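In my numbering, the protein residues as written are 50 to 168.
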């Protein structure tokens, strides 16, 4: 997927396309997780979609639910979704920042000639 450590740095256009692709993948993951959280709050807590959105988004953002939980199923769902949301935050950050970190580390491994230009 990425260039080998002995290969030269990818051109800026390729790098930016890679960043955009990773950002899209991370956004799809977060959007799908948000939709799943909303569905759970609607199903188990009988919340309107706007309140379900706020609760799911707050959990994905690391803040916590807004509405008090009233049903046993809703409490179980919210607990499991909170654990899931914590992991998704880390996974999405890893996906989004992977090309940037790779390019930074790859830059240290590129061989240079006497003038400082990459070979």
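Glycine residues also receive a C-beta, built at the ideal position from the N, C-alpha and C atoms.
None of the values given here were measured: they were computed from a predicted structure.
Pull up the CB-CB distance for residue i and residue j, whole angstroms please, since I reckon it's below 8 Å.
i: residue 108; j: residue 131; result: 5 Å
i: residue 49; j: residue 134; result: Nothing can be reported for residue 49, as the shown portion of the chain is limited to 50 through 168.
i: residue 52; j: residue 155; result: 7 Å
i: residue 152; j: residue 65; result: Not really, about 11 Å apart at Cβ, beyond 8 Å.
Give the DSSP-derived three-state secondary structure of residue i in the structure shown.
i: residue 116; result: coil
i: residue 162; result: Note on residue 162: pLDDT 48, under 50, position unreliable in the model; no value is reported.
Can you tell me where the alpha helix (DSSP H) with residue i in it begins and where it stops?
i: residue 148; result: 121 to 158
i: residue 74; result: 61 to 94
i: residue 54; result: First-last for residue 54: undefined, no H or E at that position.
i: residue 108; result: 98 to 109
Could you say if the segment 68 to 76 and the segment 89 to 96 meet the contact criterion of at least three C-beta pairs nearer than 8 Å? Not touching, per the Cβ criterion.
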